[in-house]
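In our numbering, the protein residues as written are 111 to 387. Glycine included, C-beta positions come from ideal geometry on N, C-alpha and C. Quantities reported herein were computed from a predicted structural model and do not represent experimental measurements.
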């Protein structure tokens, strides 16, 4: 059932009933725990009642949707707007919720994505591209000598596969080596630019090849266009938020990691499944 169909239904009650039915069936738990009946009717707002034993259920109990008490149709609308990368301020106007409530819903969604990434954080291997990028701050930072108030993100991209990002304090050899060893299988090929912080990778069990961007951006298989493409992907989406606090930035950049790694999928369906389980 398409979420946009809900918007075409005039009455809020009808929207909530359809939304609740969609979520309950998608959760796959439509049998009464007391009498095993599979027949229910809508009893009160956001609740159903078993026709057999008359027991009441809140179908969203125990799911991430239960973390914020807004209507099922509002939740699904916010999930859709989040999928479309709509800002929280604009989404609050679309769904007629306060900005604070909408921001709370978006925070829940991002935390769910961080939890999901932690579960599937497999070691990267094969041919990889590594690079760092700078986010936020008002002045341009000098590479290796302070980031000018910016947040430094270190990214590793598996060619033909996933990207993995983390926030680092600096781009020293120690910081980059520590993150690489945690996330990349020994024996892999790591492509970087000529920044000296990457030189130690060859001593950590990796084949390290680099390209000097002062002269060229590609030499055979030695390039980092893939990870640079991810930075462009992330910055294009993050710029619409008009300022992200340092405290929450990790959740935003990990959202970008999740979106990139799931590109080509129906993100709305994936998000709903994650929120239900």
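Who are residue i's beta bridge partners in DSSP?
i: residue 244; result: 262
i: residue 320; result: 302
i: residue 277; result: 263
i: residue 308; result: Answer is none; residue 308 lacks a bridge partner.
i: residue 268; result: 238
i: residue 329; result: 332
i: residue 150; result: 160
i: residue 166; result: 159
Which two residues bound the contiguous alpha helix (DSSP H) that contains residue i?
i: residue 371; result: 356-371
i: residue 285; result: 283-293
i: residue 134; result: 122-137
i: residue 346; result: 335-348
i: residue 385; result: 377-386
To which residues of the same chain is residue i closer than 7 Å at the C-beta, ignoring the five residues directly before and after it?
i: residue 384; result: 222, 226
i: residue 197; result: 350, 351
i: residue 255; result: Only weak support is given to the placement of residue 255: the predicted model assigns it a pLDDT of 47, under 50, and the value that follows is read from those uncertain coordinates. Excluding positions up to five away in sequence, the list is empty.
i: residue 214; result: 178
i: residue 370; result: 273, 340, 343
i: residue 140; result: 134, 148
i: residue 224; result: 361, 364
i: residue 188; result: 201, 205, 212, 215
i: residue 176; result: 170
i: residue 324; result: none
Taking the beta strand (DSSP E) that residue i belongs to, which residues open and close that run?
i: residue 158; result: 158-160
Apart from the five residues just before and just after residue i, which ones in its own chain have a Cβ nearer than 8 Å to its Cβ?
i: residue 163; result: 142, 144, 145, 147
i: residue 380; result: 372
i: residue 332; result: 301, 319, 320, 321
i: residue 161; result: 147, 149, 150, 151
i: residue 327; result: 321, 333, 335
i: residue 193; result: 377, 378, 381
i: residue 136; result: 382, 383, 386
i: residue 374; result: none
i: residue 329; result: 321
i: residue 153; result: 159, 166
i: residue 290; result: 240, 266, 300, 311, 314, 316
Just to confirm my understanding: we take residue i, look at its own chain, exclude 5 residues before and 5 after, and list those with CB closer than 6 Å. What are they?
i: residue 240; result: 266, 300, 302
i: residue 317; result: 299
i: residue 181; result: 126
i: residue 123; result: Confidence at residue 123 is low in this model, with a pLDDT of 36, below 50, so its placement is unreliable and the value that follows should be read with caution. For residue 123, where only same-chain residues beyond five positions count, there are no Cβ hits under 6 Å.
i: residue 376; result: none
i: residue 220; result: 361, 365
i: residue 275; result: 263, 265, 363, 367
i: residue 237; result: 269, 299
i: residue 359; result: 261
i: residue 304; result: 320, 322
i: residue 246; result: 260, 261
i: residue 354; result: 362
Quiz item: Taking contact to mean at least 3 C-beta pairs separated by less than 8 Å, is the region 302-314 in contact with the region 279-289?
Solution: yes
Practice problem: Within the region 183-224, note down every full alpha helix (DSSP H) run reaching 4 residues or more, in order along the chain. | Solution: 198-205
Quiz item: Are the region 225-245 and the region 199-216 in contact at 8 Å, needing three or more beta carbon pairs?
Solution: no
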